[in-house]
Amino acid sequence: GFGYDPVTNDYKVVRVLHTLHSFPPHVDVYKLSTGVWEDISHVSLPYKFFASTPHAYVNGSSHWIVSCWVEGSLGLRGVIVFFDMHDEKFSELILPSSLINESRPRYDEMFLFVLEGSLCLVDNNYDKSKPIDIWIMREYGAPNSWVKQFIIQSYHFARTFPLRTEIFWTPYINGRFGRNELGISNGYKERW
Numbered sequence: 003g004f005g006y007d008p009v010t011n012d013y014k015v016v017r018v019l020h021t022l023h024s025f026p027p028h029v030d031v032y033k034l035s036t037g038v039w040e041d042i043s044h045v046s047l048p049y050k051f052f053a054s055t056p057h058a059y060v061n062g063s064s065h066w067i068v069s070c071w072v073e074g075s076l077g078l079r080g081v082i083v084f085f086d087m088h089d090e091k092f093s094e095l096i097l098p099s100s101l102i103n104e105s106r107p108r109y110d111e112m113f114l115f116v117l118e119g120s121l122c123l124v125d126n127n128y129d130k131s132k133p134i135d136i137w138i139m140r141e142y143g144a145p146n147s148w149v150k151q152f153i154i155q156s157y158h159f160a161r162t163f164p165l166r167t168e169i170f171w172t173p174y175i176n177g178r179f180g181r182n183e184l185g186i187s188n189g190y191k192e193r194w
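Spelled out as structure tokens, the structure:
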């Protein structure tokens with residue numbers, strides 16, 4: 003994750019490394035002001051990060067969708083974990099309540115992005131017969147403020163726009179067509 007610490011006026015990179023056999027992950031922070039990587043692995047994260055899902059930077063923190071073991075169960079639960087660029091600590095945010103499901107087999111088909119300063123979540127849905135849902139957190143840090151903002155019927159969408167395979171597309175709203183139009187860009191192409 004990449005972000006900015008406004009208190010120290012410094013840019014930072016947080017790197018989380020793990021393999022199937024190395025748990026908990028190794029964590030380093032790079033500070034532009036010092037030019038040095040600092041090992042902060044002592045934080046002992048109980049999470050599985052997904053290499054295929056990008057981070058989202060909002061509210062002074064980098065955010066990821068991760069999964070972790072449910073205590074006393076064989077199931078996994080999905081959660082949003084964030085790294086505060088100033089405090090250099092990890093914390094959790096709760097997913098929308100309808101997405102919390104211990105029997106869900108995958109959380110790596112979700113990803114986060116920022117839209118008009120708000121944290122958003124795309125649920126590509128492991129059941130491909132269901133639509134793609136885009137959620138927005140209206141009040142940062144308030145779990146009850148998640149609102150399902152867009153529903154994309156994937157059987158129409160998939161023919162012209164490969165969101166399921168091109169997860170690095172970034173949704174955004176552009177005043178070009180009004181606030182009810184969702185644009186998506188990968189930095190080279192735009193789709194509406």
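Just so we're aligned, residue 3 is where the sequence shown starts under the numbering used here, counting upward by one. Positions of the beta carbon are idealized from the N, C-alpha and C atoms, including for glycine. Here the structure is a predicted model, which is why all the values come from computation and not from measurement.
Query, Result
"Give me the Cβ distance between V18 and F51, rounded to the nearest whole Å; I'm assuming they're in contact under 8 Å.", "5 Å"
"How big is the Cα-Cα spacing for H44 and G37?", "21 Å"
"Leaving aside the five residues before and after S69 along the sequence, list all residues of the same chain whose C-beta is less than 6 Å from its C-beta, in chain order.", "K50, L78, G80 and Y109"
"Secondary structure at L47, three-state DSSP: helix, strand or coil?", "coil"
"Can the beta-carbon of H65 be found closer than 7 Å to that of F92?", "no"
"Tell me, which residues are paired with I136 by DSSP?", "V124 and F152"
"Expressed to the nearest angstrom, what Euclidean distance is found between the alpha-carbon atoms of N11 and F4?", "14 Å"
"Opposite Y142 in the DSSP bridges: which residues?", "For Y142, which the question treats as bridged, DSSP gives no partner whatsoever."
"Go through its chain and collect everything with a Cβ distance to W137's Cβ below 6 Å, but skip five positions before and after it.", "P98, L123, W148 and K150"
"So what does M112 bridge to, in DSSP terms?", "D125"
"Roughly how many angstroms separate the alpha carbons of T167 and P27, rounded to a whole number?", "At T167 the pLDDT is 42, less than 50, meaning the model places this residue with poor confidence; the figure from the coordinates comes in the next sentence. Using only the alpha carbons, I get a separation of about 27 Å."
"Using a Cβ-Cβ cut-off of 8 Å (strictly less than) and excluding sequence neighbours within five positions of R140, which residues of its own chain qualify?", "S120, S147, W148 and V149"
"Rank W39, I102 and M87 by C-alpha distance to the C-alpha of I67 and give the top, closest one.", "I102"
"Could you check if S63 is buried or exposed, using at least 16 other CB atoms within 10 Å of its CB as the buried criterion?", "buried"
"Along the chain, where does the beta strand (DSSP E) that runs through F85 open and close?", "L78 to D86"
"Using the three-state DSSP reduction, which class does S35 fall into: helix, strand or coil?", "coil"
"If you compare alpha carbons, which of H20, E40 and P56 is closest to L47?", "H20"
"Indicate whether V9 and V31 have their beta-carbon atoms separated by less than 7 Å.", "no"
"Please identify the residue among D135, N61 and G143 whose C-alpha is closest to the C-alpha of Q155.", "D135"
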